[in-house]
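Trainee:
Numbering (the UniProt record's numbering), first residue to last: 1 to 113.
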């Protein structure tokens, strides 16, 4: 387990919902990855993310899927891509990433509470 944090620390992490509107293969990535363009609604707009999720997902099946992402980290350069948000998921028993899921649709841009 990680160090204990306060509720105020948790509130600093801005996790929002978004819908994947476009995907692209990312062959230049050091580890297999998919580029996601995610619509976070009118306040944040469309952001790019590189996600190492190729074991469980194809680019085509991700379009239209709602995901969760941290939107207030500074952009991170990953090869030729500037990843603007961190898409969230969990490791399975083999270390492959399974996306964190939202079980009912919510408007894009809503904050995790």
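Think of the CB as a built atom: it goes at the ideal place given N, C-alpha and C, for glycine as much as any other residue.
Find the nearest neighbour of residue 71 within the set 64, 61 and 85, judged by alpha-carbon distance.
Mentor: 85
Trainee: Residues in its own chain within less than 8 Å of residue 46 by CB, not counting five upstream and five downstream?
Mentor: 21, 37, 38, 39 and 40
Trainee: Per DSSP, which one or two residues make a beta bridge with residue 43?
Mentor: Answer is none; residue 43 lacks a bridge partner.
Trainee: If I'm right that residue 75 touches residue 82 with Cβ under 8 Å, what's the distance once you round it to whole angstroms?
Mentor: A Cβ-Cβ distance of about 5 Å is found for the pair residue 75 and residue 82, placing them in contact under the 8 Å criterion.
Trainee: Does the segment 46-64 come into contact with the segment 104-112, if we say contact requires no fewer than three beta-carbon pairs (one atom in each stretch) closer than 8 Å?
Mentor: Contact between the segment 46-64 and the segment 104-112 is absent: fewer than three C-beta pairs spanning the two stretches fall below 8 Å.
Trainee: Is residue 81 helix, strand or coil when you go by DSSP?
Mentor: For residue 81, the three-state secondary structure derived from DSSP is strand.
Trainee: Based on the DSSP output, what are the partners of residue 66 in its beta bridges?
Mentor: 19
Trainee: Measure the beta-carbon distance from residue 17 to residue 51 and round it to whole angstroms, keeping in mind my assumption that it falls under 8 Å.
Mentor: About 15 Å separates the two Cβ atoms, so there is no contact after all.
Trainee: Determine the extent of the beta strand (DSSP E) in which residue 11 is found, giving its start and end residues.
Mentor: Here residue 11 belongs to no beta strand (DSSP E); instead the alpha helix (DSSP H) covers 7-12.
Trainee: Taking the alpha-carbon of residue 67 as reference, which of 92, 102, 12 and 93 has the nearest alpha-carbon?
Mentor: 102
Trainee: Tell me the DSSP bridge mates of residue 98?
Mentor: 90
Trainee: CA-CA distance, residue 77 and residue 35?
Mentor: Cα-Cα distance, rounded: 13 Å.
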